[in-house]
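Report on one structure; see the data block that follows.
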Amino acid sequence: MRNKPDDRRDNVDKIQYNIDKTIENCHRANEMIAKTNDEKMKETLEEKNERRREALKGMRSEIRDEAIYQKNRYR
Numbered sequence: 367m368r369n370k371p372d373d374r375r376d377n378v379d380k381i382q383y384n385i386d387k388t389i390e391n392c393h394r395a396n397e398m399i400a401k402t403n404d405e406k407m408k409e410t411l412e413e414k415n416e417r418r419r420e421a422l423k424g425m426r427s428e429i430r431d432e433a434i435y436q437k438n439r440y441r
């Protein structure tokens, strides 16, 4: 069985999609935080949003790396 070649052509699009969805989830969580009186739920949502912000940093770094790779590959 042969390994598949590394196909990275759509990686930037996939990463950008994940970034967009993560930002959307942060906004939705913020709306829920504003509407709820449940302190435990607020705390849980705030913790999730903190993890999302950390994930966004990683995804943005990854998308930069991928863009550089593609730029250098097609020179």
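Using my numbering, the first residue of the sequence shown is number 367, and each one after it goes up by one. Backbone N, C-alpha and C define an ideal beta-carbon position, used for all residues, glycine too. Just so it is clear, the structure is predicted and the values come from calculations on it, not from any experiment.
{"Check": "Whole-angstrom C-beta distance between residue 432 and residue 377, which should lie under 8 Å", "Outcome": "5 Å"}
{"Check": "Among 375, 383 and 396, the one whose alpha carbon lies nearest that of residue 416", "Outcome": "396"}
{"Check": "Residue 406, enclosing alpha helix (DSSP H) - first and last residue", "Outcome": "405 to 439"}
{"Check": "Where residue 386 sits in the DSSP three-state scheme", "Outcome": "helix"}
{"Check": "Contact under 8 Å by Cβ, residue 384 with residue 425", "Outcome": "yes"}
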